[in-house]
Each structure stands twice: as C-alpha cells, then as structure tokens.
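Chemist: From first to last, the protein sequence lines stand for chains E and S.
Residues 223 to 986 in this note's numbering are what the first sequence spells out, letter by letter.
Residues 1374 to 1865 in this note's numbering are what the second sequence spells out, letter by letter.
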Amino acid sequence: MSTAYPLPSGLSQATVTNTASLIRIVTLALISGAAIASRLFAVINFESIIHEFDPWFNFRATKVLASQGFYEFWNWFDPTAWYPLGRVVGGTIYPGLMATSGVIYNILHALNLPVDIRNICVLLAPGFSALTAWATYMFTKELKDESAGLLAAAFIGIAPGYISRSVAGSYDNEAIAIFLLMFTFYCWIKALKQGSAFFGMLAGVFYFYMVAAWGGYAFITNMIPLHALILILMGRFTSRLYVGYSSWYAIGTLASMQVPFVGFQPVKTSEHMAALGVFGLLQIIAFAQLVRSHLSSKQFQNLLFVAVIGTGILGSLAIVGLTYKGWIAPWTGRFYSLWDTGYAKKYIPIIASVSEHQPTAWPSFFMDLQLLMFLFPAGVFLCFKQLRDEHVFVIIYAVVGSYFAGVMVRLMLTLTPVVCVSAAVALSTLLDTYIDPVEPLVPEEATPSASGDDSTTTSASGSKKAKKPAGPTESTTAQSTPKPRSRPGIFGLDTRLVVIFNAFGMLSFFVFHCTWVTSNAYSSPSVVLASANPDGSQHIIDDFREAYYWLRQNTPETSVVMSWWDYGYQIAGMADRPTLVDNNTWNNTHIATVGKAMSSTEEVAYPILRKHDVDYVLVIFGGLIGYSGDDINKFLWMVRIAQGVWPDEIQEPNYFTPHGEYRVDDQASTTMKNSLMYKMSYYRFAELFGGGQAMDRVRNQAMPKQGPTLDYLDEAFTSENWIVRIFQVKKEDLLGRDLKSANAFSQGKKRKRSKPTARRRAIV
Amino acid sequence: MLRLTGSLSLVFLTLLSSTHAHHSYSFENTAIVRQVELAGSLVQVVTTYAVKALEKNAKAYTIALSSNDKEKTSWLEAKVKGQQQALPVRDHGKEPTNGYHLIDVELPKPLGLNETLNIVLETIQTHAAKPWPASASQNDEQSLLFKTDLFVISPYQTLVQRSKLRSPTPRIVEFTEPKDLEAFTLDTPATKSGATITYGPFNNIPPSADEDFLSKTQQPISVQYMYDHPVLEVSSLKRAAEISHWGSNLNIQDEIRLRNGGPELKGHFSRLDHQAQAFYKRPSPHVLPALSLHLPAGIRNTYFYDIIGNVSTSHLRVAPAPPKSLKSRTPQYSVLDLRPRYPLLGGWNYTFTLGWDSDLSDSAVYDSKSGKYIVKVPVMTLIPGAVVNQAEVTVILPEGATDVDFSLPWPAVSTSSSTVTTYLDTTGRPALTFVYERLTTRHDGDIYVSYKVPLSAHLKKPTAVATAFMGLFVLTLIGRRINLSLHPSKTA
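(1) Just the chain E side, please: which residues come within less than 8 Å of Arg1897/S by C-beta, in chain order?
(2) What did DSSP end up calling Thr443/E once you bin it into helix, strand or coil?
(3) Would you call Trp1729/S buried or exposed, if buried means 16 or more other Cβ atoms sit within 10 Å of its Cβ?
(4) Check the DSSP bridge columns for Asp1732/S and list the partner residues they point to.
(5) Which full runs of the alpha helix (DSSP H) of 4+ residues lie inside the stretch 521-606 of chain E, going along the chain?
(6) Since Ser469/E contacts Ala413/E with CB under 8 Å, what's their CB separation in whole angstroms?
(7) Rounded to whole angstroms, how far is the Cβ of Ala627/E from the Cβ of Leu594/E, which I believe are closer than 8 Å?
(8) Ends of the alpha helix (DSSP H) at Trp356/E?
(9) Are Arg261/E and Ala347/E closer than 8 Å when you measure CB to CB?
(10) Quick one: using the 10 Å Cβ neighbour count with 16 as the cut-off for buried, is Val248/E buried or exposed?
(11) Name the chain E residues whose beta carbon is nearer than 9 Å to that of Trp1721/S?
(12) If we cut at 8 Å on Cβ distances, does Thr989/E have a partner in chain S?
(13) Taking the alpha carbon of Ile400/E as the point to measure from, which residue in Phe361/E, Phe421/E and Val629/E has its own alpha carbon closest?
(14) Can Leu402/E and Arg246/E be called in contact, C-beta distance under 8 Å?
(15) Closer than 9 Å, Cβ to any Cβ of chain S: which residues of the stretch 788-821 of chain E, in chain order?
(16) Which residues of chain S have a Cβ atom closer than 9 Å to the Cβ of Arg919/E, listed in chain order?
(17) For my contact list, Thr1489/S and Lys1425/S are in at a C-beta cut-off of 8 Å; report their separation, rounded to the angstrom.
(18) Taking the C-alpha atoms as reference points, what is the distance between Gly714/E and His579/E?
(19) Going by DSSP, which residues form a beta bridge with Tyr1723/S?
(20) Mind checking if Ile271/E is an interface residue toward chain S, Cβ cutoff 8 Å exclusive?
(21) With a threshold of 16 other CB atoms inside 10 Å of the CB of Val1766/S, please say whether the residue is buried or exposed.
(22) Listed from N- to C-terminal order along the chain, which residues in the stretch 1666-1690 of chain S have their beta-carbon within a distance smaller than 9 Å of any beta-carbon of chain E?
(23) Would you please verify whether the beta carbon of Tyr1653/S is less than 8 Å from any beta carbon of chain E?
(24) Compare the C-beta of Gln873/E against all C-beta atoms of chain S and say whether one is closer than 8 Å.
(25) With the cut-off set at 8 Å, would you say Arg919/E and Val886/E are in Cβ contact?
(26) Measure the alpha-carbon distance for Leu1709/S versus Tyr1676/S and round it to whole angstroms.
(27) Considering only their Cβ atoms, is the gap separating Tyr1529/S from Phe1642/S smaller than 8 Å?
(28) For His1641/S, which residues in chain E fall below 7 Å Cβ to Cβ?
(29) If you draw a straight line from the C-alpha of Ser1621/S to the C-alpha of Ser1731/S, how long is it?
(30) Looking only at C-alpha atoms, which of Ile535/E, Glu871/E, Glu883/E and Tyr791/E sits nearest to Val311/E?
(31) Please list, in chain order, the residues of the stretch 336-359 of chain E that have any C-beta partner in chain S closer than 7 Å.
(32) Relative to the C-alpha of Ile1405/S, which candidate in Gln1534/S, Glu1514/S and Val1419/S has its C-alpha closest?
(33) Should Gln1515/S be labelled buried (16 or more other beta-carbon atoms within 10 Å of its own) or exposed?
(34) Using a Cβ-Cβ distance under 8 Å, would Asn334/E count as near chain S?
(35) Mind reading off the beta-carbon distance from Ser1609/S to Asn1762/S? Whole number of angstroms is fine, and I expect it under 8 Å.
(36) Does any CB atom of chain S fall closer than 8 Å to the CB of Arg906/E?
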C-alpha cells in the first residue's frame, strides 16, 4: 500500500492513543481559552460592566440572591417595579442563571476568594461558552469522531452567532442556556445510542436546569419528541429509544414542574403537548410490541386496527375537549408569531417593537456564521449519507433551527450550534479525505471490499467501541485500513496540499472574520457608547450612567421614574428608583398607559402622571450627537401600543404629516408637536445652537427656532450629550390654578379671559 | 530611618498632661492680632499674642477660646513666632457654663518678669462659613456668611487688639458695624480696605475670659462675602490600607462621599446654561465640574469607580517614585484629574471609590533590631479646600501579624481592632480601625503601624493552597481508580 507521505513507524499503540488524547485535551483547553478570550473584547475595550437591558435585571436579582440568600430571593416581591403594582419576582423568572452565579459566588467566598458579584456575572457567559465548546465536542464526537468534535468546539467557540449573546457582560439567560441545550442533546443522543437510563436521567436533569434557566427550553421540549416521533415513523422504534425517552421525559418533566414560573405548564399548555403525546405513543407502541410477541399475527392486525383508530379518535377528542375547556392553554401570541411573521405587528405590538423579534435579514446569516453557512448544507448532506439515529436528530435540528432563525433574529442563537456541528462534520470529512496518506490501489479492484466493509460498519456503529478491540494492527494506519474500498482516492501530495491549504485559508479567514465581528459589532455594552476623539483615541460617551447615577444620588429614594419600558431595568439597576414599566413586559395596559402619557398633550398626560405618583420622567434623546436609538425613533411604537388600548384617543396617523411622513421639524403635525415626548425631547434644544439653525442629527431635520415650552414639567437634569433628559413633574399649583396659567402668570403674560374654568377641575 | 515625630509629640503631650498640674501664671497681652482667612469649608484663624510675663518663672500661657470657636475648631497649633516647632498644648476640658474654653500652652522656656514673647495660635475652623442665602439658582453667585465674636478673649489684660478678616475676593456684600465701643476706641470700629475688614484697634480690654465680659461687652460680628470656588465637604471617607508582603504591595482604597456644601440648588439644573457658562468661560462659582487630587508618586493600578462602574472621565498622571537615596524636599505627586459623572451643584452628592497600589518598600521598613516592620499609612488624601466630616481608616495587616503597635499623628475618636478575611486567608488578618472627625487640610499626617510577622505566618497561605490542591489531586487519584461500573467485564 503506497502512501502520499512517509509515516513514522515503530510507534506503539499506547503511545499513539496517549499522544492523541493529550493533544485533544490541550486543543480543547486552547479552544476554551480562545472562546473565553474572544469574549473579553467588551471588558478590554470598555470595562467590566453589565450590558444592555435584561442583564441589568438579572444582575440586580443576582445581587439579591447573593446578599440575602435563596429563600429571600424565592419570595422576593419587588415593589419598585411596575409601580404601583409591584412584581412577584421569585415566581416570574427563570432562576437558573441567578442560582448559577449565586452558587459560584458562595463557593468562591467559602474559599475566601472575595470576588465581586459583578465580575462573576460579567464573566459567567464567557466561562459557560468554554463549557459549550466542550459539550459541542462531546455531541459531535457521537456524530462522527473526535476530530470533527474538536472542529465543532472551535467553531462554536468563536462563531459570532453565539458570541453575540455571550460576550462578557451579556449576563442573560442565553449565556448558560446554550451549554445546557447542547449538553442535554448530547445526553439524549447518548441515551438513545446506548439505551441508557443513566444518560436519559442526565438528559432529564440538564433539561430541568435548562427549564430553570431559559424560556427557550420549549425548543428541547419539542425537538426530542420530534426526533423520537420521526424515528418511530422511520420504523426505528427500539427499546433503547423507549428507555431513553421515557427516562428523559419522566424525570425532566417532573423536575421542570418544580420551577414556579413553569408550574403546571408541562401538562397544561399546547407547547408541551407534543412531548406528552410522544411519551404516550411510545407506551402504546411498546405495549403493542409486547402484545404482538404474545399473539398471532392475524389477531394482532385486527387488534392493532381497532386500537389505532380508537386511541386516535379518543386522543384527538381529549385534546380538543381539554383545550376547549381551557385546561390546556391554547397557543400563545409569541408562539403564533413564530409561524406568521406579520402576526405580532398586527396583534401584539409590544412583541413586534423589540428589534430582536424581527425576521432575520440575509446578511446577518453571513455575518454570524460566515464560512459555516456554506459548510452547513454539506454537513447535513453527510448526515443523510450515514443516517444513524443521531444523524436524524441533527437533520431535524438543522431544518427546525433554520426555520426559526429565519423568523426571529434572536433565534439565530439556537441555529448556531447545529451549524457548527454540521460544518465540523463536513470539514472534518474533507480533511480526513485529504490528509489521509493512503493512495488508492490502482490494479486490484474488489478484493479487499469484504474486510473494508466490515471495518466501516463497525466504526460507524460506535466509533469508540470499535476502535479498542481493533488492536495493534490499526496502530499506525488506523485511519487508512477502512479506505481501500472501491471508492476513489487522491493521488500525490500536491492535490492534497492545494485542498488543505485552501481549507486552512478559509478557516483563518473565518477566524479573522469572527474576531472582527466580535470586537466591532458585539462587544458594545450599549450602556456606554464609544466614539473617537479627533486624535483617534477612544472617547467614552457615558450619558446613561451619568443620568442614572444622578438620579440615584440626588433624588429621594421613593421618587417614581417614568420612562419607556426599554429603560426600566436599567433605571432599577443603576438608579435604584421605582419605575412604572420595565423590560418584563407582562402588563400591556400599564405600558400603554405610559405610551399614552408620552404621546398625549401635557394637559392629558398630567393627570396620568399624577395618578401614578410620577416624580420624574426620563426620555432618551439622540438628536444632539446622532444617537439613533432614541425615544423619538421609538415613539411610533408608543403610539401604536397606546392606540391598542385607547383607539379613540390616540391615533397613529395623527403623528404623521399630511404627506404621510414622520417629521419633527416645522412640518410636523400638531399632535406630534404637542405630544409630551416631542416637547421633552426638544425642550430648549434650539437654544443650544445660539442663533444658528438647530439640527436634529438623527433625523437630519432642521428644527424650528421656537422650541416647545413645558408647563407641567420642569427640566431637572440633562446629561452631557443630551442623551438622557430627566424632567420633574410639577406638583399642583398652591393657589389652585392650573399650571399653564400659573406659568403664564409668573412669566408676566396676561391671562386669557376666554380660558374655560372647567379645566381647573379636570386636574386632580 | 523613619522618624516617629507624631508619636513623640503624642508621648510628650501625655507626659505633660500627667505631670504638669494646672497652674495659671499671670501675663499681660501687649497686643493681640487676629487674622481670619475667610474661605469655604475651612477658615484659618491666626492669632498672634504679644505677651509679657508679670511674674517670674512663668511656664505656661493660657489661651481662651469661646465655646463657639472651640466647637468649630478642628485644628489647633501654637508656636513661638518665627519658630517651626509647635508648642505642647493642654486642654482644660470643657467648661460649658462659662461659655469659654481654656488651653494652656507650654512655653519653650520659662519667662522672667517683664520678659516678652510672641505666641502664634493657628486654628482651622470647619463649617464656620455657611452659604447665605442658603439656596441659589445655577446662574447665581455664591456668597457665604461668616460669624464670629468681635473681641479675642483672653484671661489676661490686653493693651491693644485688632481683628482682620480677609476675604478671598474684594467683593464683600456686607459686614457688621459694631456699636457701643466708646470704652475701647474712639475711631470707627470697622474699616474695609480692599478685601480686608479690620476691627479695632481696641485698647485696654480687661481680662475677657469671664462670664460677665462675654454677656455684656462681647458682640457677634458677621461678614458676608463672595466666594468663587465650590464649598466642598466629604461627608464620609472610608480608607482601607491593605499590606501584602508577598506582593510587596500596599493597596489603599478610599470610599468617598463628596458633597457640595454650597448653597442648595434653587430650581433645577439646566445643561444648556451649564454648557453656555463653560462656553463663555464663566463657570458658576458653586458648581464643581472636576477636581484634581494629589496621589503619592509611583502608584500603579489606580482605579476610580462608583456603584455602577468605572468612571471613564478621569485622567491620571503618574510620577515615578523618587529614589530612596534622594531626600528631596519637594515631594512628587501623581495627579489625578477626577471628573464626577455629573457636575456637582449645591447640595448634590457624589459617592465614589478611589484606590491604588504602591510599592510596599516606599512606605515600609524592616527594623532588624526589633524584628518588626514599620508601615506608614497616610490618614487621607487631601481634597483641596474640603473638610472630611467623618473618616474611618482601616489598616489591614498581613495574616498572622503579631505584636501590633501603632502611633497616631493626633488622637482618634475611637480605635478598634478586628479581623478581616480575604484572599485565601485561613485565620484572617488583624485590622486596626481609627475613626476621625472633621479632618482639615492640615491633617495630612501618617499613621505608623509596627508589627512582627513570623516566617510560619508568611508560609501559611502557600501551605494552605498547596494542601488544598494536594487533597484535590489525591481525591482525583483515588476517584480514577474506583470502578463504579455495573458491568466491569465490559469495560475491562
């Protein structure tokens, strides 16, 4: 047998195995290091800070957990959120993330390592990304072999699609959920392959952890039953499937019901019915097989016919009846929006107003996955070629994941692992083929086919088990023996080198791409903005923290702050003040109330503000420095959400110009100009430009010289770049006048006699 | 070698108070000149007493302070004019009913009959000037009101005395014109020239440290003046100094609660006006946009953060540590330009944490004779013009330190010791906590702590960590060798 390049000879089997295993461990360690390191851009470019919006709540909850213990946390009622309603935090969150950080915190402190809870929270996601890399390695190893596993681990370690949700500081449920997802899937595959109740139980336990950590657990809840169902339909029902599924479902479901937020959902809501149904189906099939082994085939066919029709009718009737009676909750709106992307916009504007719930744009697939996107179909194809049970799983996962990633930007996250796995399978197959030193035998044709077939099947059915008994004959040419089949091979070193160099070139481009995307697109805390000084040095725009800290230090602790819900968690976390609404958008009416106050005139808004004890109103305004994520740009969502509740009072078309444009300059509609949001955003803005033309740099519109005036609110604080503006709600006039005429009086204007007196009474 | 001046004077002070019984000698003040430097939180009062002994062998001169002055005074030092050495002073304790306070100053050498001496008493009063009017809007000016008594009181007869009150700017809004002073002067009792207001000279004042004089003749005077700098006060300062011999590191961390003690902001803060003021270079006198602090030379890893994270708007210029051999008189500083997140307006608070590492050898020596380390920890970092209302200095010694001794530059309000457990400690580190009140810019002394660290204590941490890892490895070793499989035949 000729080889394309010389191989070392005289190595013992033990040396090769040990070296390979050492290299694997070192590689895995390096991959983990790379996964962690690439997520630290955010810390190095900025600082160790919690990012964005939701993580601020998680961080706050974790602080409660770490400082007051688990029971306090469990029973935590937060009176400062959703003022005046409050929020039962313990029962409305997935506590897995906080519990994880809390456990780490307590362990470290028990070892007298006083690590700040903030640093634990910031670094949790990078830490778990290393674990994800390991879990992906284990998963892919089951699919193909260790080398594919290492590739998959490296891919998931640096793929931007996953990094986007797990950079340091992005302390969100997804940070640990992807690890749990992959590990649960690994346990499931392992349970299925071995028919092991132990791994089934492990899958159940990790499923429980996942349920406790992320609402996306429903993905597992449906993926595993779907896989099981398809295996049954493919005629692959085995006792291994039965054991694996039953142990996962029984333990996982019972455990998941211990999470208060989930409670009885696993037996009551539609999303969980598939798992229950498949569980039942498996029992029936297993029972049928038992019956079949005791009956003659004729009797059995009759019995089967009757039983299948009977149970089918009964089952459907039961489900329909239960849904009708309301015992099984029908699908939620969020769920519908997964099937109809226009649904949310029409019926649930709150869901649609979140940018991460928008359908994915094509470029973001390339941005998040680059090379992997092209290798992904090849990997899925290779799965079809082998089509063992676990390959079926990957195929289903690929199809489902692709669909969901197309529907919602944030679900790109669930697609990424399977893309990494498939791409790794494809690339490792390619490399296997081209690194393999064995050159095809030209003269002989079919002689070694029998032995070759044998070894491929054994290595396929269980690569790990197959290797060991193969013994020392495989020592140096372990990979080569299965090859000399009648399949084509590669001659010479040059062809190999061309392909391998090309592959490595692509991989290195991938690495550069990932690094670039991570450092430029995904590492911004969004609490802190970066810009450049004229000399090129970094300039930090820290307006948010400036304003929040001002609130925290210089206002009474009980002052209620009203802002759009995006900033609720940040205000609670950084300013430590009660808020009306926050990112836990559970009460649509309350949010609509805030939307109404923001989009109405001062006179209409004032009673709303007073009734809700609002002391300060906070708006985000980017017009001065061109920060496009400001409230004026979000304003239409406030209008839409308010319109959903008060269609008579708030109408979206009123906020557009007669030509249907959304403008803020001279031509803006009267409703727009009189709205509280507009007034607060542009209050005294024109004066900043002296005599010059005031420009809104986000919307590129010239502002009128005469800016809006405020009668019911006072400007209390404006941050350095005017991004955050805080207004104080005036108390009622002491003389019982309405504030508008009081203001006019103090400015020396003559009071208009025509003012109806009724307005005085309107203000309570 | 370090000089333990603070402790020496302290020892001397205690010696003095124990041995020297209270005995008043008879003097006459030929002249008293009081000069008051009006400022923000801190007002410096320098009183020069030209004294003549009326008896032989007069060893101590008694100074009287009114209760008001005593209450405000947080720093007090008496010297002979033209000399550097401070004279030991002894407080008689509080005499609340009399409305005055007596302090004995030990003279450097006993005075003979009719011998004269000039004694300079320097005090710093805190919170003596208060914003008046008590609130001001953002564009208003800041004026402060300082109240004091007209006469400098003394237990002795005074031939002539005058008080000069010097304002930082010539813009003095108003000052009291005292009346009914025909007994002491025939001129106008108060004259203003430039930034200085002079009261007096007043002649032939009887011994004034008695109730009768205070109730009948003494008058309050007040000056309202413009002040162009923010009035700063540190509501609380918590300093922790952690000593590490392994890292040869002294970490100092200050938790500071800064408050603008100027007039309360009337109305609201307008960024537009603030930016306009900055643009026209006419900053409001009571707005603090930034302040610069002098940190020690040769520091590293400086950090400046508050509850919600790093404060990015600050700059640090580190000076290298001066070489040990060079005993330069001009100390070098690292300068920290510290900008709070938001400008501090009247009545606003800002809390932050400031810390740094420095080489332990810069502030510690090992005394091989006694086998002790001596470490110098500064009481505070000066914030120019600010008073520190409450300071708590904690010195955390290395784990296992014994024979702990300390000497303070001036007595603390309270001293306590505790144990702090941090970074992989097993038994915890001894810590000393000193509480001070109303520290001024003159209180920039050092605390000296001496202690022994046996070798076994040095080795405690590596041993503990090594043992823990060893245990872990042994457990793994055992764990790897136990086969828990139900079907051992399969895996074997």
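The beta carbon of each residue, even a glycine, is placed where N, CA and C say it ideally should be.
For clarity, every value in this text was computed on a predicted model and none was experimentally measured.
Modeler: Judging by the given coordinates:
(1) There is no way to answer for residue 1897/S, as the model of chain S reaches only from 1374 to 1865.
(2) helix
(3) buried
(4) DSSP, once it has assigned bridges, lists Asn1622/S as partnering Asp1732/S.
(5) 555-561, 565-569, 571-574 and 584-591
(6) 7 Å
(7) Between Leu594/E and Ala627/E the Cβ distance is about 12 Å, and since that is not below 8 Å, they are no contact.
(8) Ile339 to Leu365
(9) Less than 8 Å divides the Cβ of Arg261/E from the Cβ of Ala347/E.
(10) Counting Cβ neighbours within 10 Å, Val248/E comes out exposed, since fewer than 16 surround it.
(11) Trp772, Gln775 and Asn776
(12) Because chain E spans 223 through 986 in this model, residue 989/E falls outside it and cannot be assessed.
(13) Phe361/E
(14) Against a cut-off of 8 Å, the Cβ pair of Arg246/E and Leu402/E comes out as no contact.
(15) Gly795, Met796, Ala797 and Asp798
(16) Residues of chain S passing the Cβ test: none, with the nearest at roughly 16 Å.
(17) 5 Å
(18) 52 Å
(19) Paired residue(s): Leu1631/S.
(20) yes
(21) buried
(22) Tyr1678, Asp1679, Ile1680, Ile1681, Gly1682, Asn1683, Val1684, Ser1685 and Thr1686
(23) no
(24) By this cut-off, Gln873/E is not an interface position.
(25) no
(26) 10 Å
(27) no
(28) The contacting residues are Asp936, Glu937, Ala938 and Gln950.
(29) 9 Å
(30) Tyr791/E
(31) Pro336
(32) Gln1534/S
(33) That one is buried.
(34) yes
(35) 7 Å
(36) yes
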